[in-house]
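Under the working numbering, think of the first position of the sequence shown as 1073, with each following residue one higher.
Note that beta-carbon positions come from the ideal geometry of N, C-alpha and C, so glycine has one too.
Given the structure is predicted, the values throughout are model-derived calculations rather than measurements.
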Amino acid sequence: MTAIAVQTQLTPEEYLAWERKAPFKNEYLSGQILAMSGANRAHNLITGNIFNGLYNQLVNRDCETYTGEMRVKARPITSYFYPDVTVVCDEPRFEDDVFDTLLNPTVVVEVLSRSTAAYDKGEKFEAYKQIMSLQEYILVSQDRVNVERHFRLGTQWKAIEFQELADVLPLDSIRCELSLGHIYRRVKFTDTP
């Protein structure tokens, strides 16, 4: 999805009240509203393939898998995001009794577009790192076969990159794995922007 910054400063409370009534999704980073636009075919296929693969592996375990409609809150600089896929394997904790803002994700997956890649790898990742329950942050390119697995190792974050359809992405924190062939099933790559 594409994020477009809107020059509006709201408190976290104002954002949440406004967002719950908005007809479209908006992320929130340090007071700034980021309007989210629609996703293309490749983005939707990749997101669906990842959700499907994880859901099927976790169906008989105490984990929940969410698609891009579940908002995630990061602190101490309050931010709200809509990851493409989110997994929580502890008892889910929510911001309030509306149950639409998850506080303790275990794995977050973002499917990159040209317009969001720098943001997802930079500011958004820095905010996600502040969520102590988060163990793995997965970035998936929609323009080529490329998956980055960022994982917490003690107090540090490490990264591994996968670039072949035969590669298998391990998600150690939830004891799952996804082949890149599954992630990119039916995705056609083009050289046009």
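- Our two residues, residue 1176 and residue 1259, have alpha carbons roughly 31 Å apart in a direct line.
- The Cβ neighbour count for residue 1155, taken over all protein chains shown within 10 Å, is at least 16; the residue is labelled buried.
- Your pair residue 1246 and residue 1088 does not check out as a contact, with CB atoms roughly 28 Å apart and the cut at 8 Å.
- DSSP, read as helix, strand or coil, puts residue 1151 in strand.
- Each of 1169, 1145, 1125 was checked against the Cα of residue 1196, and the nearest Cα belongs to 1145.
- At a cut-off of 3 residues, the continuous stretches assigned as beta strand (DSSP E) that sit fully inside the segment 1078-1148 are 1098-1101, 1104-1108, 1136-1139, 1143-1146.
- A residue is called buried once 16 or more other Cβ atoms fall within 10 Å of its Cβ, and residue 1230, having fewer, is exposed.
- Residue 1180 sits close to residue 1200, with the two beta carbons spaced by under 8 Å.
- Taking all protein chains shown into account, residue 1221 has 16 or more neighbouring C-beta atoms within 10 Å of its C-beta and is therefore buried.
- Residue 1139 is not a Cβ neighbour of residue 1126, given a cutoff of 8 Å.
- If you look at residue 1203, you'll find it isn't in any alpha helix (DSSP H); DSSP assigns it neither H nor E.
- Fully contained in the segment 1150-1191 are the following beta strand (DSSP E) runs of length 3 or more, in chain order: 1151-1153, 1157-1160, 1179-1184.
- With respect to the 8 Å criterion, residue 1173 and residue 1143 are classified as neighbours on the basis of their beta carbons.
- Here residue 1236 carries a coil assignment [DSSP, helix/strand/coil].
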